[in-house]
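Each residue of the sequence shown is one higher than the one before, counting from 1 in the UniProt record's numbering.
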Amino acid sequence: MPCKWGFQCFRSDRSVEDDESIQNREISHKIDEQIAKEKLMFRREVKLLLLGAGESGKSTFLKQMKIIHGFEFDRPQLEEFRASIYLNVIRGMKVLIDARMKLKIPWSEESNEECAETFLQVADNYCHDPLLFCSIAHLVKKLWAEPSIKKAFARRTEFQLTDSVRYYFENLDDLANIDYLPSTQDILHCRKSTRAITEYRVMINKVPFRFVDVGGQRSQRQKWFQCFSCVTSIIFLVSSSEYDQVLLEDCRTNRIDESLVIFETIVNHKAFAEVSFILFLNKTDLLKEKLQLIEAAMQEYESGSSRGNSPQDMAVAACVSQPQPQPQPELKSSSFSNTSDNSQSHQSQSISSDSQTHPHSHHSLVPSSSTSQTHTHSRRHRRLRRRKQSLELRTYADYFPDFDGNPFATEEVQNHMYRMFKSKMYDNKRPIYHHFTTAIDTENITHVFEDVRTTILEKSLTDLMLH
Numbered sequence: 001m002p003c004k005w006g007f008q009c010f011r012s013d014r015s016v017e018d019d020e021s022i023q024n025r026e027i028s029h030k031i032d033e034q035i036a037k038e039k040l041m042f043r044r045e046v047k048l049l050l051l052g053a054g055e056s057g058k059s060t061f062l063k064q065m066k067i068i069h070g071f072e073f074d075r076p077q078l079e080e081f082r083a084s085i086y087l088n089v090i091r092g093m094k095v096l097i098d099a100r101m102k103l104k105i106p107w108s109e110e111s112n113e114e115c116a117e118t119f120l121q122v123a124d125n126y127c128h129d130p131l132l133f134c135s136i137a138h139l140v141k142k143l144w145a146e147p148s149i150k151k152a153f154a155r156r157t158e159f160q161l162t163d164s165v166r167y168y169f170e171n172l173d174d175l176a177n178i179d180y181l182p183s184t185q186d187i188l189h190c191r192k193s194t195r196a197i198t199e200y201r202v203m204i205n206k207v208p209f210r211f212v213d214v215g216g217q218r219s220q221r222q223k224w225f226q227c228f229s230c231v232t233s234i235i236f237l238v239s240s241s242e243y244d245q246v247l248l249e250d251c252r253t254n255r256i257d258e259s260l261v262i263f264e265t266i267v268n269h270k271a272f273a274e275v276s277f278i279l280f281l282n283k284t285d286l287l288k289e290k291l292q293l294i295e296a297a298m299q300e301y302e303s304g305s306s307r308g309n310s311p312q313d314m315a316v317a318a319c320v321s322q323p324q325p326q327p328q329p330e331l332k333s334s335s336f337s338n339t340s341d342n343s344q345s346h347q348s349q350s351i352s353s354d355s356q357t358h359p360h361s362h363h364s365l366v367p368s369s370s371t372s373q374t375h376t377h378s379r380r381h382r383r384l385r386r387r388k389q390s391l392e393l394r395t396y397a398d399y400f401p402d403f404d405g406n407p408f409a410t411e412e413v414q415n416h417m418y419r420m421f422k423s424k425m426y427d428n429k430r431p432i433y434h435h436f437t438t439a440i441d442t443e444n445i446t447h448v449f450e451d452v453r454t455t456i457l458e459k460s461l462t463d464l465m466l467h
């Protein structure tokens, strides 16, 4: 502005510099505040690392965390899941067609052989176009109705097949709708190999949680070391139903044996000496189903009503005729549906090596050897072992000979698995928290995670409760 002498007046350079300095100091102060806030948040953050062998349910558990805490998948994400689901269906049916041939199971309907040959020509990229997928859905439906394909499916422990294909085959009418977008249950059943490190952050009761999921296949395990810093707890997942299956990677190593080796390496790693370990013996629903099928076949064979069929044939028949649970209706808004009720949907324990478990407790890990029921199971099991050579089916005890309980009792099998993992800890006084889970069951995982969260905050991270 002009001064009283008519000249234009300017502020001195010193005044300009002072203003710039003040502005810079304000910016610097805000940055310092943000850094301090982030440091505080980092110190309070609960970092949960999800580890386990391939197909143990890590990614499914992470999806459940998103669902439970109100995350809504947008349309591009739903379309990506749709493509993965279609690919599960296409590849799953191709695997079954190939398995039928290698197992030398004859076609029940000769016309279905041509249908199978046609389907084998379907390219994987059909999964990206709903129109293309809908055009071949009738082939999938026809082949799934073919008894020889069902028989191959019943023998799926002899080859590599994703758990979820039966769910999709049974719900093919929904998938074959041109406007189809995956439901919550469809998403939870979706199998897609984890090739990168996936993180999910969520604020739970004013405490920041970070879930880290890394691939479980052997080729992906070198990435685990990138995630080892600042870990609060490790959730180690095991597919308990796969006790009679081998790895996809080498087709020789038993999947439970592989999980035991990984667990022993991780739980005794010096980097995790102060980290709490939580063991999820997952896929309780599939384990229970498998044990029941084998038991039914064994009982029918022993009763003499098998009409000359082997126990394996009867197990196949039982699997083919078994009704599948129907998905529950979707809930509105950001709420998500649960799977059907599971009688063992929520069982958990926290046991240290020197703790005592009441033999009659519902959650007893060690079945009481003094009960007549256990003696009966043991005698029956020894009798089954003696007749093993004449039978084609193998029970849980045939894979783990130190097991001397009832090989058809889900809880006894689960408890034995727990003890095997517990025995791999070099520090006998170190506790391990474990849960029997069904990762596709939202209600089950909601209860389990609440227990996990409470355990972490109360026993390991009490300071995080201060906010």
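Glycine residues also receive a C-beta, built at the ideal position from the N, C-alpha and C atoms.
Can you tell me whether residue i is buried or exposed, with buried defined as 16 or more other CB within 10 angstroms of its CB?
i              : result
glycine 405    : buried
methionine 93  : buried
alanine 196    : exposed
isoleucine 185 : Sequence check: residue 185 is glutamine here, not isoleucine. Counting Cβ neighbours within 10 Å, glutamine 185 comes out buried, since at least 16 surround it.
serine 108     : exposed
cysteine 251   : exposed
glutamate 258  : buried
glutamate 458  : exposed
alanine 154    : buried
threonine 60   : buried
serine 21      : exposed
histidine 138  : exposed
aspartate 173  : exposed
serine 164     : buried
glutamate 117  : exposed
glycine 57     : buried
asparagine 112 : buried
glutamate 55   : buried
lysine 206     : exposed
arginine 82    : buried
Over what stretch of residues does the beta strand (DSSP E) that includes residue i continue unbroken?
i              : result
histidine 138  : Taken as a continuous stretch (DSSP letters only), histidine 138 belongs to no beta strand (DSSP E), being part of the alpha helix (DSSP H) at 130 to 144.
isoleucine 440 : Careful: isoleucine 440 lies outside any beta strand (DSSP E) and carries neither H nor E.
When the Cα atoms are used, what is the spatial distance from residue i to residue j?
i                : j                 : result
histidine 416    : phenylalanine 403 : 7 Å
methionine 101   : serine 303        : 32 Å
lysine 104       : alanine 439       : 34 Å
methionine 203   : serine 276        : 21 Å
aspartate 244    : tyrosine 399      : 7 Å
leucine 281      : isoleucine 256    : 11 Å
aspartate 124    : glutamine 23      : 59 Å
valine 231       : valine 212        : 10 Å
leucine 120      : tyrosine 86       : 15 Å
phenylalanine 73 : threonine 198     : 16 Å
histidine 269    : proline 431       : 15 Å
histidine 434    : leucine 279       : 4 Å
arginine 170     : aspartate 427     : Looking at the sequence shown, residue 170 is not arginine but glutamate. The straight-line gap from Cα to Cα measures roughly 47 Å.
glutamate 158    : isoleucine 262    : 23 Å
threonine 455    : methionine 425    : 20 Å
alanine 271      : leucine 62        : 24 Å
tyrosine 167     : arginine 44       : 40 Å
proline 147      : lysine 422        : 42 Å
threonine 437    : serine 239        : 10 Å
alanine 409      : leucine 161       : 25 Å
tyrosine 418     : histidine 128     : 41 Å
glutamate 264    : glycine 52        : 11 Å
valine 267       : glutamate 79      : 38 Å
arginine 394     : alanine 152       : 17 Å
glutamate 249    : glutamate 242     : 15 Å
alanine 296      : lysine 290        : 10 Å
valine 140       : lysine 150        : 12 Å
alanine 145      : alanine 273       : 53 Å
isoleucine 90    : isoleucine 97     : 11 Å
isoleucine 234   : histidine 69      : 20 Å
How would you write the range of the alpha helix (DSSP H) that residue i sits in, first residue to last?
i              : result
proline 147    : 147 to 154
asparagine 112 : 111 to 120
glutamine 414  : 410 to 422
tyrosine 399   : 396 to 399
Tell me residue i's beta-bridge partners as DSSP assigns them.
i              : result
leucine 211    : Correcting the residue type first, residue 211 is phenylalanine in the shown sequence and not leucine. According to DSSP, which records beta bridges pairwise, phenylalanine 211 is partnered with Leu48, Tyr200.
valine 452     : DSSP lists no partner for valine 452.
valine 238     : Leu281
valine 261     : DSSP lists no partner for valine 261.
asparagine 254 : Val246
serine 233     : Leu48, Ser276
(message) So within the region 50 to 82, which uninterrupted beta strand (DSSP E) runs reach at least 3 residues, ignoring any that extend past its ends?
(response) none
(message) Going residue by residue through the region 163 to 189, where are the continuous alpha helix (DSSP H) segments of at least 4 residues, counting only ones entirely within it?
(response) 165 to 170, 172 to 175, 184 to 189
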